[in-house]
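K.L.:
Got a structure for you, written out below as C-alpha cells; questions coming shortly.
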Amino acid sequence: DGGITQSPKYLFRKEGQNVTLSCEQNLNHDAMYWYRQDPGQGLRLIYYSQIVNDFQKGDIAEGYSVSREKKESFPLTVTSAQKNPTAFYLCASSMVQSKYEQYFGPGTRLTVT
Amino acid sequence: SQQGEEDPQALSIQEGENATMNCSYKTSINNLQWYRQNSGRGLVHLILIRSNEREKHSGRLRVTLDTSKKSSSLLITASRAADTASYFCATAGGATSYDKVIFGPGTSLSVIP
Chain A
271 DGGITQSPKY
281 LFRKEGQNVT
291 LSCEQNLNHD
301 AMYWYRQDPG
311 QGLRLIYYSQ
321 IVNDFQKGDI
331 AEGYSVSREK
341 KESFPLTVTS
351 AQKNPTAFYL
361 CASSMVQSKY
371 EQYFGPGTRL
381 TVT
Chain B
1049 SQQGEEDPQA
1059 LSIQEGENAT
1069 MNCSYKTSIN
1079 NLQWYRQNSG
1089 RGLVHLILIR
1099 SNEREKHSGR
1109 LRVTLDTSKK
1119 SSSLLITASR
1129 AADTASYFCA
1139 TAGGATSYDK
1149 VIFGPGTSLS
1159 VIP
C-alpha cells in the first residue's frame, strides 16, 4: 500500500449524514485521486488534484466534495446528496510526470444504511 | 462506458500453471497498465506498456499489446497461491486532455495450491 494511508478501514453511517474519508500520503506526490469501486466493476474516478488548492471533477463527482489544502492530504466528503454511497473508496497518488503509475491506499469500505 | 474490458471475468488454475488474462479497449491509447488487487485491499501497479511497445516482461509477468486489435494480455507464469487476486487493466491517453486512466472491471484469479 506504499506511503498512502486511508482511515478508517470500515465506516458506517446513517442515510442523510455527510461523512469524510481521510487520505494522507508521504510520497511527496503532487497528484492525488479518489476512486469508487463497486462489486464487479472497475474503478471510477470521483475527483483528482494535480496541485495544492486545485482539483477537478472526475466521471462521478455528483454528491461528493474534496479539498486539497495540503500536498499530503486529500479528504473526500460523501454528502447526503450521493444517492448510492455504499461502496469501497480508494485513494491514490502519483508524480505528475508519471501520473499513470498510481500508488493506492488500502481503501475505506463505507456502508450507509 | 468503460474503455477496458478484461476476459475472462474469473479464472481458476492449479499452482504451477500459467495464467493468461486479456484486455480489450475501444479507443486509441498512450499506454496500458496492469494492476493487482488482493481482496479488500488497494491496487498495486504491476507493469505499464506504451503504445509503441509490443511486449514487456517483469519477473514472472509478460504483457503484450496489439494496438491494431486494441487488445493486451497479461501472462503470469508458474503461478503461486499468492498470485490469487483480481487483475485490472487500465488504459490512458487518447482524446481527453487529462489523459484519464480508465480501469476495466477486472479478472478474478484463483490459484489452487
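Going line by line, the protein sequences match chains A and B. Residue numbers are given in this note's numbering: position 102 of the first sequence equals residue 372, and the series is strictly consecutive. Residue numbers are given in this note's numbering: position 80 of the second sequence equals residue 1128, and the series is strictly consecutive. The beta carbon of each residue, even a glycine, is placed where N, CA and C say it ideally should be. Just so we're clear, the structure is a prediction, and the values are computed from it rather than from any experiment.
#1: By the criterion of Cβ-Cβ separation under 8 angstroms, what are the contact partners of Asn-1079/B in chain A?
#2: Does the Cβ of Tyr-280/A have 16 or more other Cβ atoms within 10 Å, making it buried, or fewer, making it exposed?
#3: Is Tyr-318/A close to the ligand ATP? I mean its beta-carbon at under 7 angstroms from any heavy atom of the ligand.
#4: Taking buried to mean at least 16 other C-beta atoms within 10 Å of its own C-beta, is Ile-1097/B buried or exposed?
#5: Going by DSSP, name the residue or residues bridged to Leu-380/A.
#6: When the cut-off is 8 angstroms and only beta carbons count, does Leu-380/A lie next to chain B?
#7: Could you tell me which chain B residues have their CB closer than 7 angstroms to the CB of Gln-311/A, listed as they occur along the chain?
#8: Please list, in chain order, the chain B residues whose beta carbon lies closer than 7 angstroms to that of Leu-297/A.
#9: In whole angstroms, give me the CA-to-CA distance for Asp-300/A and Ser-1116/B.
#10: For a contact meaning CB atoms closer than 8 angstroms, what does Val-1166/B contact in chain A?
#11: Within the continuous beta strand (DSSP E) that includes Tyr-334/A, where are the two ends?
#12: At a Cβ cut of 7 angstroms, what residues of the stretch 328–357 of chain A count as close to chain B, listed as they run along the chain?
#13: Touching or not, the stretch 1059–1076 of chain B and the stretch 1119–1126 of chain B, by the rule of three or more beta carbon pairs under 8 angstroms?
#14: Determine, using beta carbons only, whether Leu-297/A and Tyr-305/A come nearer to each other than 8 angstroms.
#15: Can you tell me whether Asn-1079/B is buried or exposed, with buried defined as 16 or more other CB within 10 angstroms of its CB?
#16: Measure from the C-beta of Ala-1058/B to each C-beta in chain A and report whether the shortest distance is under 8 angstroms.
#17: Got a sec: is the Cβ-Cβ distance from Leu-291/A to anything in chain B below 8 angstroms?
#18: Keeping to the same chain, check which residues put their C-beta closer than 7 angstroms to that of Thr-356/A; ignore five residues upstream and five downstream.
#19: Give me the Cβ distance between Glu-342/A and Glu-294/A, rounded to the nearest whole Å; I'm assuming they're in contact under 8 angstroms.
#20: Looking at chain A, is there any beta carbon in it that lies within less than 8 angstroms of the beta carbon of Leu-1096/B?
P.N.:
With the structure as the only source:
#1: Tyr-370
#2: exposed
#3: Absence of the ligand ATP is noted for the structure shown, with no ligands found whatsoever.
#4: buried
#5: Leu-281/A, Ala-357/A
#6: no
#7: Pro-1153
#8: The contacting residues do not exist; Leu-297/A stays about 13 angstroms from chain B at best.
#9: 34 angstroms
#10: The displayed coordinates of chain B run from 1049 to 1161. Any statement about residue 1166/B would go beyond what the structure contains.
#11: 334–336
#12: none
#13: yes
#14: no
#15: buried
#16: no
#17: no
#18: Leu-380, Thr-381, Val-382
#19: 6 angstroms
#20: yes
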